[in-house]
Amino acid sequence: MPSLNRDVIIIGTGPAGLGAAFHLTEQDPSLSILMIDREKICSGGLLNDCKQNYTYPIGFSAENWTKDEAERLLPLVENRLRPVIKEKQNLTVYQRRAERVGVSLLDVRQSHVGTDKSRLLIQRLVDELKSRGVSFALEQEAADVFDDDTGTGVAVSGAKRERARKVIVAPGRKGFSFLQQVMERLGISYMDNTVDVGIRVETTVDNYPIVNDYYDPKFFFPDGVRTFCTNSGHARVVLEHYQGFSLVNGHAFSTARAGNNLANFALLKTIGLKDPIRSGQQMAVFLARLANDIGGGKPLMQRVGDFRMGKRSSTATFNDDLYAFPPSCPVTAGDLGLAVPSRIMRHLWAALKKLDSIVPGVLHPSTIMYYPEIKMYANKPDFLDRHFRVTKNVYMVGDGAGTSRGITGAWASGIRAAEGILQEN
Ligand SMILES: Cc1cc2nc3c(=O)[nH]c(=O)nc-3n(C[C@H](O)[C@H](O)[C@H](O)COP(=O)(O)OP(=O)(O)OC[C@H]3O[C@@H](n4cnc5c(N)ncnc54)[C@H](O)[C@@H]3O)c2cc1C
76 MPSLNRDVII IGTGPAGLGA AFHLTEQDPS LSILMIDREK ICSGGLLNDC
126 KQNYTYPIGF SAENWTKDEA ERLLPLVENR LRPVIKEKQN LTVYQRRAER
176 VGVSLLDVRQ SHVGTDKSRL LIQRLVDELK SRGVSFALEQ EAADVFDDDT
226 GTGVAVSGAK RERARKVIVA PGRKGFSFLQ QVMERLGISY MDNTVDVGIR
276 VETTVDNYPI VNDYYDPKFF FPDGVRTFCT NSGHARVVLE HYQGFSLVNG
326 HAFSTARAGN NLANFALLKT IGLKDPIRSG QQMAVFLARL ANDIGGGKPL
376 MQRVGDFRMG KRSSTATFND DLYAFPPSCP VTAGDLGLAV PSRIMRHLWA
426 ALKKLDSIVP GVLHPSTIMY YPEIKMYANK PDFLDRHFRV TKNVYMVGDG
476 AGTSRGITGA WASGIRAAEG ILQEN
């Protein structure tokens, strides 16, 4: 990678970084831009099944976004990603049922690409940026960011220094520690007081038929519980590996793949930690390690039938005749009650019971609950302006900096940082 002075260096080629790069090149084609990513393929969350939500507040953090601001930028995101919006049916029927039990069901404009097709989308986006003159440095890890008397830029692993007028840092959730380290070095104060803790529910499409009418239904329950990231068609629960523990997640292939008649979704409870303020990250790691320790190094899974009877699931009972489908992600059969803090479990279970009266069937004894699914994305810096500037020449955006919680919000955050840079030109 030649060491040149650039106009802008962007760390991270996820949607936040790409959103910034597209907006910068559209508005000022003369800018020289370098995008750095530690992965081999230009990646980030777009590489997963890539559901896109085009309705506020899905994917946006309320403290950084007003509805008007999100709605101003979402059409720009849509222009680039060119989603095919999914039709919904029977929405008012489900909404009426939900209202009766104190739950709301949001009407969200959505599209779904599918894990098997998302690489094609990424390739199209990267090719387009390359044709506009953007350089990519893949498999290069940013080790630090500097913005001082010596200049502005990024120290890349191997101690090389890349200089630029402006730096956009968009390392996503997995860049949590990197971001924290950069903020500490640059003297930026930040807050890490929110964490989402929950389970991934897996059942058959027959037991959760709403997915035939609404691809990723967004239910909001009392006590800060919500459904998130619903997958169906050819859907699988998957593991995300971190240092010392694994979390569960879910994805689905495109409709080009034959279906497996399974659906999965996350049920998450948002926890805001108050005085004395503790770290959401620390809490997430503690809970995840506990669950993985109890699971012998893996997450836990339990059938609803066993949970209801207050007994653990075991490998022997897991494939009983009532249990019509095998888990798509066989982890350790056990007892969630041992690992999930009781207040969290109570609120999740109350939400599931309400959901079962809106979509009868979801609490069939065969339904599987996997734990832990935890979202630890926000290292929220103190921003200096509405463009997510944190020092004179450095901007922090995307899920890692807590300005978004999804692909479209991350892309829009990148645009906001780009607008800030363009204003200064
Ligand atoms: C399994 C899974 C499925 C998901 N499905 C969906 C979905 O369907 N719809 C949705 O809206 N959201 C989904 N999400 C969430 C979504 O991926 C994120 O909201 C979004 O990608 C955040 O964008 P970002 O640009 O902030 O970060 P990311 O997309 O995570 O991109 C960050 C990039 O920075 C790179 N990076 C990190 N640290 C460094 C470093 N030090 N040096 C160089 N590069 C670095 C990473 O390699 C990565 O490519 C999913 C997430 C997961 C994990």
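First residue of the sequence shown? That's 76 in our numbering, and the numbers climb one at a time after it. Quick reminder that beta carbons are idealized off the backbone N, C-alpha and C, glycines included. All figures in this text were calculated on a predicted structure; none of them were measured in a lab.
Ranking Asp350, Glu138, Arg207 by CA distance to the CA of glutamate 101 puts Arg207 first. The three-state reading of DSSP puts isoleucine 116 in coil, since its state is none of H, G, I, E or B. With fewer than 16 other Cβ atoms from the protein chains shown falling within 10 Å of its own Cβ, histidine 316 counts as exposed.
Remark: C-beta atoms of valine 406 and phenylalanine 340 do not approach each other more closely than 8 Å. Excluding five sequence positions before and after valine 472, the CB atoms of its chain that fall closer than 6 Å to its own CB belong to Ala91, Ala245, Phe463, Thr478, Ser488, Gly489, Ala492, given in chain order. Cβ contact annotation for phenylalanine 253 (same chain, cutoff 6 Å, sequence separation greater than five): Pro246, in chain order. The residue from Val323, Val300, Tyr290 with its alpha-carbon nearest to that of histidine 309 is Tyr290.
Here DSSP, grouped into helix, strand and coil, assigns glycine 473 to coil. By the neighbour-count criterion, in which a residue is buried when 16 or more other Cβ atoms sit within 10 angstroms of its Cβ, leucine 180 is buried. With a cutoff of 8 Å on beta-carbon distance, proline 297 and glycine 177 are scored as near each other. At a Cβ-Cβ threshold of 8 Å, isoleucine 116 and valine 242 do not count as neighbours. Assigned with DSSP and collapsed to three states, tyrosine 265 falls in strand.
Distance between alanine 359 and proline 447, taken at the CA atoms: about 9 Å. In terms of side-chain proximity, the C-beta atom of glutamine 127 is found nearer than 7 Å to a non-hydrogen atom of ligand 1.
Relative to the non-hydrogen atoms of ligand 1, the Cβ of aspartate 219 never comes closer than 7 Å to any of them. By the CB criterion at 8 Å, leucine 362 and arginine 301 fall outside the cutoff. Nearest C-alpha to leucine 423 among Asn282, Ser107, Gln357, Gly273: Gly273.
DSSP places lysine 386 outside any beta strand (DSSP E), giving it a letter other than H or E. Where leucine 213 is concerned, the enclosing beta strand (DSSP E) starts and stops at 210-213. Under the three-state reduction of DSSP output, lysine 467 falls in the coil class, being neither helix nor strand. Listed as beta-bridge partners of glutamine 127 by DSSP are Ser186. For valine 229, the closest C-alpha among the options Asp82, Gly412, Val313 is that of Asp82. Straight through space, the alpha carbons of alanine 425 and valine 379 are spaced by roughly 13 Å. DSSP places phenylalanine 361 within a helical segment (H, G or I) once states are collapsed to three. Going by DSSP, alanine 310 is part of the beta strand (DSSP E) stretching over 309-317.
Of the heavy atoms belonging to ligand 1, at least one sits nearer than 7 Å to the Cβ of glutamate 315. In the DSSP annotation of this structure, the continuous segment of the alpha helix (DSSP H) that includes glycine 495 starts and ends at 482-499.
Around the C-beta of asparagine 80, fewer than 16 other C-beta atoms lie within 10 Å, and the residue is accordingly described as exposed. Under a 10 Å Cβ-count criterion, glycine 385 is classified as exposed, with fewer than 16 other Cβ atoms of the shown protein chains found around its own Cβ. Around isoleucine 263, the same chain offers Pro456, Val465 as residues with beta carbons nearer than 6 Å, after the five sequence neighbours per side are excluded.
For methionine 420, the uninterrupted alpha helix (DSSP H) segment begins and ends at 417-433. Phenylalanine 253 has its CB nearer than 7 Å to a heavy atom of ligand 1.
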